[in-house]
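What follows is one structure encoded as structure tokens, with my remarks underneath.
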Amino acid sequence: MHIEVKGLNKQFGDFHAVRDVSFEIEKGHLIGLLGPSGGGKTSILRMLAGLESPTSGDIIFHGKRVNDLPPQERGIGFVFQNYALFKHMTVFDNIAFGLKVKKQKKEQIRERVMSLVELTGLKGFEHRYPQQLSGGQRQRVAFARALAPEPQLLLLDEPFAAIDAKIRTELRTWLKEMIERVGITSIFVTHDQDEAIEVADEIMIINKGRLEQKGTPWDIYKKPETQFVASFIGESTFVEDIAQIKGFSDAAVWPGTKGLIRPEYIEIGKPGEITLASAAIRGTVKHLHFRGSEWMVEIEIGGTKLITYRSLEKEVLQPGEAVDVLVHRAYLFNNDDSWIMENK
Ligand code: ATP
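The numbers in the numbering used here rise by one with no breaks, and the one at position 329 of the sequence shown is 331.
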């Protein structure tokens, strides 16, 4: 289903939970709504579902405005964080529920349920009750149940939140494959950036009710459009005054320009180790943290602290040691407009 949202607003009394949000979603895409708690993600999802009505704005499915359509007529499947399975029903009956409501024929229901049981890897579990299943299996049932009536849009609210870390990673990959196979337009809410980056075709970053940026995970990481996006996605160090760093100080940067620097944009080395040493500045190693596969190194350059990583193959650094530091690029901000600056 192709989705278009125009100027969506939601107010709860005086509180403005969703502010002028507009976007389009292509048919078959998997979208991650990502952002901090209370930002408005669930409110957007609930308005798409018809569980909440917008204060203003249009929701358009397939070119048709659906603001006034009740949830059951919108062709939507819902998967919640807490499974919301019927405890007194077997896996089979849980999946069959939406089909029975639609008064489909018994044989037709059986066929559809069994094909979903197969698709979601639940064969042999049809007669179990939810409490006899693991968290991951329950979430698969919830997914199969949502898909049973052949919705055109699947909405998932923090679908992995209640699941153990290890199973969660497996379930993410599983869900992505499953959604691709079914080819259904899907939107999931998460506040976990790794989850959004790994699973989504496109991410929408929601903060304080606003859509800060929409794009592929790659675009959002590489070209953050606002200071918030740059700091929310990936690791970075915030620098109050980027002009203190060589290479940026002699560019068109005025004193006090703020910047964000990702660890991978920083090259460090013992004096002489860096090829472009003439462009480097001298810093001091403050702390070292062993992270298993590499060292996390905190360096200080005249009051500014930067974080970077150093491979285990290179010679070990010591706290207090002088290092050459070369910052290759940074995200700079002026009132919240952002731009990327290369150190040339
Ligand atoms: P979370 O990740 O914590 O679920 P979220 O990004 O999904 O957060 P929402 O649940 O959409 O955010 O909530 C956005 C804001 O609107 C919050 O400050 C919340 O307290 C407020 N809010 C949500 N529903 C209502 C309601 N029915 N009445 C009043 N305020 C509400």
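C-beta atoms are modelled at their ideal positions from N, C-alpha and C, and glycine is treated no differently.
- Task: For Glu28, name the three-state secondary structure that DSSP assigns.
- Result: Counting from 1 along the sequence shown, the entry for residue 28 is found at position 26. Glu28: coil per DSSP, three-state reduction.
- Any non-hydrogen atom of the ligand ATP within 8 Å of Gly236 CB: Mapped onto the sequence shown, residue 236 falls at position 234. In this structure, Gly236 has its beta carbon at no less than 8 Å from each heavy atom of the ligand ATP.
- If you check the beta carbons only, do Ile244 and Lys224 fall under 9 Å apart? Here residue 244 corresponds to residue number 242 of the sequence shown, with the count starting at 1. Here residue 224 corresponds to residue number 222 of the sequence shown, with the count starting at 1. No, the Cβ-Cβ distance between Ile244 and Lys224 is not below 9 Å.
- Message: Can you give me the C-alpha to C-alpha distance between Leu290 and Trp297, rounded to a whole angstrom?
- Response: Along the sequence shown, read from residue 1 onward, the residue named residue 290 stands at position 288. Along the sequence shown, read from residue 1 onward, the residue named residue 297 stands at position 295. Taken atom to atom, the span from the alpha-carbon of Leu290 to that of Trp297 is near 6 Å.
- Query: Would you call Gln2 buried or exposed, if buried means 16 or more other Cβ atoms sit within 10 Å of its Cβ?
  - Reply: Because the chain is modelled from 3 through 346, residue 2 falls outside the range shown and cannot be assessed.
- Would you mind sorting Asp166 into buried or exposed? The rule is 16 or more other CB atoms within 10 Å of its CB. Here residue 166 corresponds to residue number 164 of the sequence shown, with the count starting at 1. Around the CB of Asp166, fewer than 16 other CB atoms lie within 10 Å, so the residue is classed as exposed.
- For Pro161, which option in Leu135, Val184, Ile189 has the closest C-alpha, if you only look at C-alpha atoms? Within the sequence shown, the letter at position 159 stands for residue 161. Minimum Cα distance to Pro161 is reached at Ile189.
- Message: Strictly by DSSP, which residues pair up with Ile189?
- Response: By 1-based counting over the sequence shown, the position of residue 189 is 187. Looking at the DSSP assignment, Ile189 forms a beta bridge with Ile33, Leu157.
- Task: Could you tell me whether any non-hydrogen atom of the ligand ATP is closer than 8 Å to the CB of Ala86?
- Result: The residue given as residue 86 occupies position 84 in the sequence shown. Every heavy atom of the ligand ATP is 8 Å or more from the Cβ of Ala86, so no.
- Query: Who are the Cβ neighbours of Phe292 in its own chain at under 6 Å, not counting the five residues just before and after it?
  - Reply: The residue you call residue 292 lines up with position 290 of the sequence shown. Hits under 6 Å: none found.
- Query: What do you get for Pro56, buried or exposed, if any count of 16 or more other CB atoms within 10 angstroms of its CB means buried?
  - Reply: As a working note, residue 56 is residue 54 in the sequence shown. Its Cβ being crowded by 16 or more others within 10 Å, Pro56 is buried.
- Query: So, using beta-carbon positions, are Val191 and Leu158 closer together than 9 Å?
  - Reply: Taking the sequence shown and counting its residues from 1, the one referred to as residue 191 is at position 189. Taking the sequence shown and counting its residues from 1, the one referred to as residue 158 is at position 156. The answer is yes: Cβ separation under 9 Å.
- Under 6 Å Cβ to Cβ from Val68, same chain only, skipping five residues before and after it: list those, please. As a working mapping, residue 68 is identified with position 66 in the sequence shown. Listed in chain order, the non-local C-beta contacts of Val68 below 6 Å within the same chain comprise Ile61, Arg76, local neighbours out to five positions each way being set aside.
- Beta carbon of Val81 nearer than 9 Å to that of Ala144: For this step, residue 81 is matched to residue 79 along the sequence shown. For this step, residue 144 is matched to residue 142 along the sequence shown. Yes, Cβ-Cβ distance for Val81 and Ala144 is below 9 Å.
- Local Cβ density within 10 Å of Asp326, reported as buried at 16 or more and exposed below that: Taking the sequence shown and counting its residues from 1, the one referred to as residue 326 is at position 324. Asp326 comes out buried.
- Between the C-alpha atoms of Arg331 and Thr286, what's the straight-line distance to the nearest angstrom? Here residue 331 is taken as the residue at index 329 of the sequence shown, counted from 1. Here residue 286 is taken as the residue at index 284 of the sequence shown, counted from 1. About 20 Å.
- Message: If you measure between the beta carbons of His31 and Thr175, is that distance less than 9 Å?
- Response: Here residue 31 refers to the residue found at position 29 when the sequence shown is read from its first residue. Here residue 175 refers to the residue found at position 173 when the sequence shown is read from its first residue. No, the pair does not count as a contact, with Cβ atoms beyond the cut-off.
- Message: Quick check: does the Cβ of Ile46 come within less than 8 Å of any heavy atom belonging to the ligand ATP?
- Response: Position 44 of the sequence shown, counted from the first residue, corresponds to residue 46. Checking every heavy atom of the ligand ATP against the Cβ of Ile46, one is found closer than 8 Å.
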